[in-house]
Every structure is written in structure tokens, then in C-alpha cells.
Amino acid sequence: MRHFSYSRPATLDDACRSMEHMRFLAGGTNLIDLMKSDVERPAHVVDIKSLPMREIVERSDGGLRLGALVTNADTAAHPLVVARHPLLASAILAGASPQIRNVATNGGNLNQRTRCHYFYDPAMACNKRSPGTGCAARGGRNRIMAVLGTSDACIATFPSDMCIALAALNATVNLHGPAGVRAVSVRDYHCLPDDTPWRDTVLQPGEIVTSIDLPPAPFGPHHTYLKIRDRLSFAFAIVSVAVGLHMEDGRIRRGGIALGGVGTKPWCVPEAEALLDDRPPSHSLFRDIAERLVHGAVADRDNAAKIRLAPRVIERALWQAASGTPQSQTDKTIM
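Listed below in C-alpha cells is the structure:
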């Protein structure tokens with residue numbers, strides 16, 4: 002690990018004073034690993050753990066505000082999250098390990114970087130780590146890589162489980178920076194690689210995530226987070242699906258769907274979600290939605306199986322949500 006300077010500011014404004022090659026430190030579950038691997042080389046580390054962003058509170062509209070420094074474990078176990086947004090709690094419990102969830106924060110989860118093994122190896126070409134060097138994942142060992150939202154410059158998969166649920170719930174990310182405060186839809190927060198794969202999010206220099214707003218979501222039991230992976234715990238998704246459905250009298254009034262494990266960011270297709278509006282569940286409907294969601298997928302050598310697998314996982318997740326039998330994150334049997 003390289004030498005760096007360190008500060009622990011007492012206020013948000015102090016924390017957001019832009020410095021070149023600065024990184025924020027919260028739980029550290031991603032940043033410290035990257036520094037040890039010599040992937041991240043910050044000249045200055047700003048420890049934000051003492052800032053007042055550790056609460057989950059009810060909003061006046063019935064939604065929730067999640068503080069950026071609340072741990073993933075505390076978020077998943079919070080009574081308001083469990084009661085109103087069990088989809089989010091389920092997705093968090095599907096990710097990482099209990100030890101990591103006890104330390105990792107909501108803001109850090111939003112900003113974690115890809116787990117592409119070429120990105121983590123400084124000896125390999127990676128446009129995300131070293132712009133202009135190329136993408137060793139293309140034509141390489143890329144079974145885990147993305148098939149949606151890729152570019153010639155990058156096919157790295159987005160890693161988070163929590164963010165997939167946030168996308169299905171259409172959450173909002175609140176930011177504070179040198180230019181003031183702003184709010185960004187979580188669906189617009191992460192960037193496609195295009196020709197600038199090193200830019201993961203829309204964060205500006207010095208900006209920090211302060212909280213995440215969840216809108217009122219009348220999904221009740223009609224939700225699921227279905228994650229297919231190589232092993233049953235502490236593994237990243239090959240394909241994952243977050244679904245929430247608002248159902249009345251046996252019909253779907255509206256719904257939210259997001260895919261993980263297949264895209265370079267949380268993958269949502271509003272046109273596919275719109276097909277759910279005021280429709281009864283059916284095999285043909287769910288098949289059409291699955292096809293819309295994976296439309297445009299492009300394989301590269303070893304990851305073609307994701308394109309075949311994803312529609313089946315999407316259809317199964319939609320049926321789980323419609324029938325009110327969400328996937329258990331303790332009993333891994335897929336119903």
C-alpha cells in the first residue's frame with residue numbers, strides 16, 4: 002500500500018472540499034482492498050465515519066430515508082425496511098457475508114467498483130483502471146462479464162445486490178458537494194462505460210452521498226430477489242432479478258424490475274416494466290417481458306450462457322412475486 006495523507010472532518014462541507022486524488026472512507030470494505038491491490042492510489046483519504054448520516058427515518062410521504070453511513074446489516078434488519086421494503090432487505094441479505102454487511106455502508110454499496118479480475122490485476126490491460134490500455138476481458142476469461150450495456154472499451158459487470166433492489170424500487174440518491182445539494186434517480190446514478198469506462202457514477206469531484214430516499218411502494222408480499230450464483234453464499238451474481246409488483250384483485254397494476262449480474266450497471270427497461278400495467282399474470286406476458294429486458298445483449302466468448310439463462314430467471318422471479326412467494330435468502334431452494 003502506498004503512502005497517503007488522512008483527515009477526519011467534522012462537517013459535510015469540510016469533507017467535500019475537493020482535493021486531487023481524494024477518496025472517501027466509510028466502511029472501507031472495497032476501498033481498502035483496492036488500495037492493497039495497488040488499484041486505487043489516493044493521495045488523500047477522507048474518513049467520513051463521524052459525519053451525521055447514520056439514521057433511517059420515515060418521510061412525510063410514507064417513504065423512507067436511508068442514511069449513507071447506516072451499515073448494510075442495520076438497514077436489512079431495520080423494522081421500517083423489513084415492513085415496507087422487504088425487497089431491499091432481501092437483496093442486502095443475498096450479498097456478501099454477515100461480517101462484511103456489518104461494516105459496509107449504504108453509500109459505499111452504491112459506489113463500489115467492479116469485481117472484474119482484470120480490473121483488480123495491475124499487470125493486465127484495463128480501461129477502467131488505466132484509461133487507454135485496452136480491455137483484457139474482451140476475448141479473455143469472461144464468463145462472469147456483462148452482456149448488457151457493454152462497449153468496446155469495457156465489459157465489466159456491476160457487482161452490487163443492494164443497488165439492483167434500489168433500481169427496482171426507483172429510489173433517489175441525495176448528494177452534497179462543493180456546488181450544493183442535488184438528488185439523482187438511482188437509475189441514472191451509475192454510468193454506462195461507453196468510451197469513458199473509468200467513470201462509474203455521476204458524482205462530481207468532492208461530492209458525497211448523504212442518503213437514499215425510498216418512495217412508498219405498495220408491493221407487500223409481491224416481491225422477490227432471485228440470485229443465481231456459483232455458490233450459495235458470498236458469491237457475486239451470474240444473473241439476479243429484483244421484482245416488486247403492486248397487485249389488486251389478481252391483476253398487476255404496476256411493477257418495478259431490475260437485473261443484476263448481466264449489465265455494466267443496474268439494468269432497467271421502462272418499456273418492459275410498462276407491459277405489466279393493469280395485466281393479469283401469464284406465461285406469455287412474463288415471457289415477453291423477459292425478452293424485452295435482455296434485448297440487445299451481446300456475448301463475448303465465455304459469457305453467452307448468461308443470455309440463455311437470464312430470461313428463465315426473469316420469468317421465475319416474476320412468478321415468485323406474482324404469487325407472493327419471495328425467494329428466501331436462508332433457504333436457497335428456488336420455488
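With our numbering applied, the sequence shown covers 2 to 336.
Yeah, the Cβ is synthetic: ideal placement off N, Cα and C, and Gly gets one too.
Closest to residue i by C-alpha separation, out of the options, would be which residue?
i	options	result
ARG116	ARG130, ALA184, MET248	ARG130
GLN113	ASN304, THR265, MET2	THR265
ARG200	TRP268, ALA154, LEU26	ALA154
SER329	MET248, TYR190, LEU233	LEU233
TYR7	ALA69, ALA92, ASP48, ALA238	ASP48
PRO123	GLU272, GLN321, MET36, SER186	MET36
ALA44	GLY28, GLU21, GLU59	GLU21
GLU208	MET23, VAL242, HIS4	MET23
ILE253	ARG280, MET163, ASP289	ARG280
GLU272	HIS284, VAL263, GLY256	GLY256
ASN343	ASP289, GLY29, SER241, LEU277	A question about residue 343 goes unanswered here, because the residues of the chain that appear run from 2 up to 336.
PRO282	GLY297, HIS296, GLU249	GLU249
THR334	ILE229, GLY325, HIS247	ILE229
PHE237	ILE145, HIS247, ARG139, PRO206	ILE145
HIS247	HIS79, ASP15, ALA322, ASP303	ALA322
ILE156	HIS191, CYS127, PRO179, LEU167	CYS127
SER241	HIS177, VAL295, ARG142	VAL295
VAL182	ARG9, MET2, ASP14	ASP14
LEU32	GLY96, GLY108, THR12	GLY108
ARG142	GLU274, VAL46, ASN304	ASN304
PHE25	PRO10, ASP39, ARG66	PRO10
GLY297	PRO132, ALA147, ILE57, THR12	ALA147
ASP189	PRO179, HIS177, ASN171	ASN171
ALA180	VAL187, LEU204, THR158, PRO160	LEU204
ILE239	ARG3, THR202, PHE159	PHE159
VAL263	VAL314, THR202, GLY251, HIS284	VAL314
SER212	GLU41, THR202, VAL187	VAL187
ALA90	TYR121, HIS79, GLU274	HIS79
GLU41	TYR121, CYS192, HIS284	TYR121
GLU274	PRO99, GLY96, ASP231, LEU319	LEU319
SER98	HIS284, SER324, PHE5, PHE235	PHE235
Excluding the 5 residues flanking residue i on each side, which residues of the same chain have their C-beta closer than 6 Å to its C-beta?
i	result
ALA74	ARG102, ASN103
TRP268	LEU149, LEU260
ALA184	THR173, ASN175
GLU316	PHE287, ALA291
THR197	none
ASP39	PRO123
ALA137	TYR119, MET125, ALA126
ALA105	GLY28, THR30, ASN73
SER19	PRO179, PRO206, GLY207
GLY135	ALA126
VAL270	ARG293, LEU294
What are the residues that DSSP puts in a beta bridge with residue i?
i	result
THR259	Note that residue 259 corresponds to Ala in the displayed sequence, not to Thr. ALA243, per the DSSP bridge assignment.
GLY369	No statement about residue 369 is possible, as the shown extent of the chain runs from 2 to 336 and does not include it.
CYS136	CYS127
VAL1	Within the shown structure, residues of the chain are numbered from 2 to 336, placing residue 1 beyond reach of any answer.
ARG280	ILE253
THR72	THR106
CYS269	DSSP output for CYS269 lists no bridge partner at all.
CYS155	SER152
Can you name, in chain order, every residue of its own chain whose Cβ lies under 7 Å from the Cβ of residue i, other than the five neighbours on each side?
i	result
LEU94	ALA77, GLN330
ARG55	GLY68, LEU70, VAL71
ALA169	LEU88, ALA243, VAL244, GLY245, GLY257, ILE258, ALA259
LYS50	ALA27, LEU70
THR326	MET336
GLU59	LEU65, LEU81
ALA339	There is no way to answer for residue 339, as the model of the chain reaches only from 2 to 336.
ARG139	ILE156, ASP301
CB-CB under 8 Å to residue i, same chain, minus the five flanking residues each way: which ones, in chain order?
i	result
THR151	PRO194, THR265, VAL299, ASP301
LEU276	LEU286, ASP289, ILE290, ARG293
ALA16	PRO10, PHE25, VAL47, ILE49, LEU52, ILE209
THR12	LEU52
CYS192	ARG200, ASP201, THR202, VAL203, LYS266
At a cut-off of 8 Å, is residue i close to the ligand FAD when judged by its beta-carbon and the heavy atoms of the ligand?
i	result
ASP34	As presented, the structure is devoid of all ligands, the ligand FAD included, so that no description of it is given.
Indicate whether the contact test is met: 3 or more Cβ pairs, each with one atom in the region 201-221 and one in the region 299-314, closer than 8 Å. no
List, from N- to C-terminal side, the beta strand (DSSP E) runs of 3 residues or more that fit wholly inside the region 7-67. 23-26, 45-48, 57-59
Determine contact between the region 223-237 and the region 80-96, defined as no fewer than three beta-carbon pairs at a distance below 8 Å. yes
Please specify which runs of the alpha helix (DSSP H), each continuous and at least 4 residues long, are wholly inside the region 185-260, giving them in chain order. Runs of the alpha helix (DSSP H) inside the region 185-260: 187-190.
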